[in-house]
Amino acid sequence: MIVNPLFRLTYSIYGFFKRDALNAMSYKFEFGTSLISMFITALSMGILGIVTQSAQAPYMTKYGGMSAATFILIGSMTNNFLIECQIAPREIVNPGVTERALLSPCRLPVFILGQMSWGHLWSTMNFVVYVLVGVTLFNMQLQTINATTFLAVLLLGILCMWGLGIIAAAIQLVTKRWDPISWFFFAFTQFASGIFYSPEALLAFDHSGILYSIAWCIPHTYVFDMIRQSFIGRSLTLMLPSLLNLSVLVVVLFGMGWITLRLCIRRCQVEGSLGWA
Amino acid sequence: MASIDHPINIQGLNKSFWVKTTQDANPHVTGWFASSLRKRILRQKLYAVKDVSFTIGDSELFGLLGPNGAGKTTLIKMLCTLLWPTDGTALINGYDIRKQPRQVRASTGTVLDVDMGWYGRLSCRQNLAFYAQISGFSPSQVHSRVDEALRTVGLRERADERYQKLSSGMRRKLDVARALLPDPPVLLLDEPTVGMDPHSGRNLRQFIKQELCREQGRSILLTTHNMFEAEQICDRVAIMHKGKIIAIDAPERVKNFVKSDTTIIVVAGNVPPRLVDDIAKLDEVISIRSRPISAFPNSLRIETQVRNPSVSATISHIVAKSGGLLYLVRFEEPTLEDALVKLTGEQ
Chain S
162 MIVNPLFRLT YSIYGFFKRD ALNAMSYKFE FGTSLISMFI TALSMGILGI VTQSAQAPYM
222 TKYGGMSAAT FILIGSMTNN FLIECQIAPR EIVNPGVTER ALLSPCRLPV FILGQMSWGH
282 LWSTMNFVVY VLVGVTLFNM QLQTINATTF LAVLLLGILC MWGLGIIAAA IQLVTKRWDP
342 ISWFFFAFTQ FASGIFYSPE ALLAFDHSGI LYSIAWCIPH TYVFDMIRQS FIGRSLTLML
402 PSLLNLSVLV VVLFGMGWIT LRLCIRRCQV EGSLGWA
Chain P
89 MASIDHPINI QGLNKSFWVK TTQDANPHVT GWFASSLRKR ILRQKLYAVK DVSFTIGDSE
149 LFGLLGPNGA GKTTLIKMLC TLLWPTDGTA LINGYDIRKQ PRQVRASTGT VLDVDMGWYG
209 RLSCRQNLAF YAQISGFSPS QVHSRVDEAL RTVGLRERAD ERYQKLSSGM RRKLDVARAL
269 LPDPPVLLLD EPTVGMDPHS GRNLRQFIKQ ELCREQGRSI LLTTHNMFEA EQICDRVAIM
329 HKGKIIAIDA PERVKNFVKS DTTIIVVAGN VPPRLVDDIA KLDEVISIRS RPISAFPNSL
389 RIETQVRNPS VSATISHIVA KSGGLLYLVR FEEPTLEDAL VKLTGEQ
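Respectively, the protein sequence lines represent chains S and P. Under the numbering used here, the first residue of the first sequence carries the number 162, and numbering increases by one thereafter. Under the numbering used here, the first residue of the second sequence carries the number 89, and numbering increases by one thereafter.
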């Protein structure tokens, strides 16, 4: 039977997705509480926005006077999505999984995409919950959204995070320990890239502007900024410098990630350390 | 694609690792730091597999034996492309493990000694369906292959049971079922019966020999520590020691390597004190040991390893001449285990 290669590829990825979905659904209580947690966290982010509205107001002009609640909700939901993209590739270093997948004729890209598929659906659900909470309780406006800009920026963000995640996973495959790259990005993103407050707010206490400059060297800052701008209807042409910077980061990180992963797998195959021990 | 007269064709395969060793550099250094200064760390090349070459034919069940650390698992891992060889190569179904790893994996089913990658809360069928799906089968093929694999290993009735509820024997069978999913002509089984009770082990052995090898015509490379298993089911065996193949032939012939060392068991009563010494003086005797038989006073069980079985007549004569009563004289043929112990020089 001749099977369309694209269908076969999608069906293989669906295999990973189905496995993880079945596994997650088998823990019914945990599954249910995780869903409830999403709503509670979204609610608390919105309340945080209302509480900090007056302090955040000076930095909202760039985003057309967006409310702080919407600002934080967008930052938080985008951050959750990016975090999932960044940690999902680490699924490939699960004990036994890599070894078993490399024993099958499954191609490496299919394996990576498949391992990440369930996590991505989960983070998309999280995204939807935040939007629902934002629209119904915190006056988040969806009428003005520029869908093209939003999707393009999100796609670039996903690719960037995959690149970072794959580099981290590759390092972990060799060292079998927590990698420093993930740590740096998790820590610095929370602090400076604009999840809860605009990066411009950093200038209020760091007058040298060093932190502000560093913030614009990491891809998360561009993604948060451009996603927020897409919510007020800005098109990509109005954000060309940021778009270009983000695109360069995508090429560099994704390329580096792919090369690093192949090198690290080969190194493990030479050393015989593909398993966890 | 190369000729596939031999589904497995290993050609001068080597695998070396760099290991760190310490050496005394300056024994004259004293003081609290002496222990660290005296030692010099050296990097040493260690061969896990060295210059291994052999072929396995169609429908052949080939056993790889050897003590721990002999290199059996390393060899299997190279053949299934999990490990990259340092030197040499192997053809599996005519595909080169270095140049065509995907084709090798597609035509090989592998069961590793410690097999992971199972999902405890998924059923046997769901677990297998996942592996069939990622191997590139279409939806209809996934169902038929999973059913076929479950039927082959006799787990069809337990198909919808969660993996975590299976006994270790059934888990091992599921490992084999997973290896059978692509319907591979070559199977690599790394200690397939390890951890199984005698009954399950015997069933799986029979299944491997009769069903997988004889009826389905697959070529199988099996590693084992169980000499009885190898003797019982393998067409040919190779003994590996320190990464090298030191003997390769049919089990009967490998045993012949030590056949000259026949063991004679003598049980005698009313034995005088010097009897064991008298037997030990014979030129043909290699070793001798004895122990009293508690049920019969003044009786001994003498176990002697001899170069020539005909010496049994002389031993009987010595026993009779000393006034002892000969209850039993029995020959023990060397086992594959004797051959392995002798060839590897390990006890």
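Ideal Cβ positions, reconstructed from N, Cα and C, are used throughout, including at glycine.
How would you label residue i, buried or exposed, when you count the other beta carbons within 10 angstroms and need 16 or more for buried?
{"i": "Gln252(P)", "result": "exposed"}
{"i": "Ala90(P)", "result": "Bear in mind that the predicted position of Ala90(P) carries a pLDDT of just 43, short of 50, making it too unreliable to give a figure here."}
{"i": "Asp365(P)", "result": "exposed"}
{"i": "Ser382(P)", "result": "exposed"}
{"i": "Glu252(S)", "result": "buried"}
{"i": "Lys187(P)", "result": "exposed"}
{"i": "Gln333(S)", "result": "buried"}
{"i": "Ala329(S)", "result": "buried"}
{"i": "Cys301(P)", "result": "buried"}
{"i": "Tyr188(S)", "result": "exposed"}
{"i": "His368(S)", "result": "exposed"}
{"i": "Gly159(P)", "result": "buried"}
{"i": "Pro339(P)", "result": "buried"}
{"i": "Leu196(S)", "result": "exposed"}
{"i": "Gln390(S)", "result": "buried"}
{"i": "Cys429(S)", "result": "buried"}
{"i": "Pro250(S)", "result": "buried"}
{"i": "Trp106(P)", "result": "exposed"}
{"i": "Lys297(P)", "result": "buried"}
{"i": "Cys378(S)", "result": "exposed"}
{"i": "Gly318(S)", "result": "buried"}
{"i": "Ala365(S)", "result": "exposed"}
{"i": "Val202(P)", "result": "exposed"}
{"i": "Gly370(S)", "result": "exposed"}
{"i": "Gly283(P)", "result": "exposed"}
Between the alpha carbons of residue i and residue j, how many angstroms are there, rounded?
{"i": "Lys133(P)", "j": "Met166(P)", "result": "18 Å"}
{"i": "Ser354(S)", "j": "Ala376(S)", "result": "5 Å"}
{"i": "Ala438(S)", "j": "Leu171(P)", "result": "Reliability of the predicted coordinates at Ala438(S) is poor, the pLDDT of 40 falling under 50, and no value is obtained from them."}
{"i": "Met227(S)", "j": "Asn184(S)", "result": "40 Å"}
{"i": "Glu245(P)", "j": "Ala237(P)", "result": "12 Å"}
{"i": "Gln191(P)", "j": "Thr109(P)", "result": "39 Å"}
{"i": "Met322(S)", "j": "Leu130(P)", "result": "41 Å"}
{"i": "Lys179(S)", "j": "Leu424(P)", "result": "48 Å"}
{"i": "Pro280(P)", "j": "Gly145(P)", "result": "20 Å"}
{"i": "Val342(P)", "j": "Gly182(P)", "result": "29 Å"}
{"i": "Met162(S)", "j": "Cys267(S)", "result": "For Met162(S), the predicted model reports a pLDDT of 44, less than 50, meaning its position is unreliable; a value from the coordinates is still stated below. One C-alpha to the other measures close to 19 Å."}
{"i": "Leu200(P)", "j": "Met400(S)", "result": "54 Å"}
{"i": "Gln435(P)", "j": "Trp283(S)", "result": "No answer about Gln435(P) holds up, because its pLDDT of 44 lies below 50 and its placement is not dependable."}
{"i": "Phe349(S)", "j": "Thr213(S)", "result": "21 Å"}
{"i": "Val254(S)", "j": "Pro360(S)", "result": "34 Å"}
{"i": "Asn358(P)", "j": "Phe316(P)", "result": "36 Å"}
{"i": "Asn156(P)", "j": "Asn396(P)", "result": "32 Å"}
{"i": "Ile388(S)", "j": "Leu243(P)", "result": "52 Å"}
{"i": "Thr309(S)", "j": "Pro270(P)", "result": "43 Å"}
{"i": "Gly418(S)", "j": "Gly280(S)", "result": "19 Å"}
{"i": "His287(P)", "j": "Phe419(P)", "result": "29 Å"}
{"i": "Tyr291(S)", "j": "Ala331(S)", "result": "32 Å"}
{"i": "Thr171(S)", "j": "Phe177(S)", "result": "10 Å"}
{"i": "Gly197(P)", "j": "Val335(S)", "result": "26 Å"}
{"i": "Phe374(S)", "j": "Ala220(P)", "result": "Here residue 374(S) is Ser; the residue named in the question, Phe, does not match the sequence. Each residue's alpha carbon lies about 50 Å from the other."}
Since residue i and residue j should fall inside the 8 Å C-beta cutoff, what is the C-beta to C-beta distance between them, to a whole number of angstroms?
{"i": "Ser378(P)", "j": "Ile390(P)", "result": "5 Å"}
{"i": "Gly100(P)", "j": "Ser141(P)", "result": "5 Å"}
{"i": "Thr174(P)", "j": "Asn102(P)", "result": "5 Å"}
{"i": "Val407(P)", "j": "Ala356(P)", "result": "5 Å"}
{"i": "Asp248(P)", "j": "Arg213(P)", "result": "6 Å"}
{"i": "Pro380(S)", "j": "Leu410(S)", "result": "5 Å"}
{"i": "Ala230(S)", "j": "Phe299(S)", "result": "4 Å"}
{"i": "Ser387(P)", "j": "Ile352(P)", "result": "Between Ile352(P) and Ser387(P) the Cβ distance is about 17 Å, and since that is not below 8 Å, they are no contact."}
When the cut-off is 8 Å and only beta carbons count, does residue i lie next to chain C?
{"i": "Tyr415(P)", "result": "Of the protein chains in the structure, S and P, none is chain C."}
Taking 7 Å as the cut-off, does the CB of residue i come closer than this to any heavy atom belonging to the ligand FAD?
{"i": "Pro380(S)", "result": "Ligands are entirely absent from the displayed structure, and the ligand FAD is therefore not among its contents."}
Could you tell me whether the stretch 328-344 of chain P touches the stretch 129-141 of chain P, using the rule of 3 or more Cβ pairs below 8 Å?
Touching, per the Cβ criterion.
Is it true that the stretch 336-356 of chain S meets the stretch 258-277 of chain S, where meeting means three or more beta-carbon pairs spaced less than 8 Å apart?
Touching, no, given that fewer than three Cβ pairs across the two stretches are closer than 8 Å.
For a minimum of 4 consecutive residues, which ranges assigned as the alpha helix (DSSP H) are wholly contained in the stretch 212-250 of chain S?
You should have 214-217 and 229-248.
Within the chosen definition, does the stretch 238-247 of chain S reach the stretch 390-410 of chain S through at least 3 CB pairs nearer than 8 Å?
Counting Cβ pairs under 8 Å, fewer than three are found: no touch.
Any chance the stretch 404-415 of chain P sits against the stretch 312-330 of chain P, with 3 or more Cβ pairs inside 8 Å?
A contact between stretches requires three or more CB pairs, one per stretch, nearer than 8 Å, and the stretch 404-415 of chain P fails this requirement with the stretch 312-330 of chain P.
Looking at C-beta atoms only, is the number of pairs between the stretch 146-162 of chain P and the stretch 312-323 of chain P that lie closer than 8 Å three or more?
By the Cβ criterion, the stretch 146-162 of chain P is in contact with the stretch 312-323 of chain P, since at least three pairs of Cβ atoms, one from each stretch, lie closer than 8 Å.
Quick check on the DSSP output: what are the complete alpha helix (DSSP H) runs of length 4 or more inside the stretch 292-357 of chain S, in order along the chain?
For the stretch 292-357 of chain S, whole alpha helix (DSSP H) runs of length 4 or above, ordered along the chain, are 308-336 and 341-353.
Quick check for students: name the residue ranges of the alpha helix (DSSP H) that lie wholly in the stretch 250-324 of chain P, counting only runs of 4 or more.
List check, alpha helix (DSSP H) in window: 256-268, 286-294 and 315-321.
Ignoring anything shorter than 4 residues or poking outside the stretch 116-180 of chain P, list the alpha helix (DSSP H) runs there in chain order.
Taking only runs of at least 4 residues, the alpha helix (DSSP H) segments lying wholly in the stretch 116-180 of chain P are 122-126 and 160-167.
Segments assigned beta strand (DSSP E), at least 3 residues, entirely inside the stretch 378-430 of chain P
Qualifying beta strand (DSSP E) stretches, in chain order: 388-394 and 413-420.
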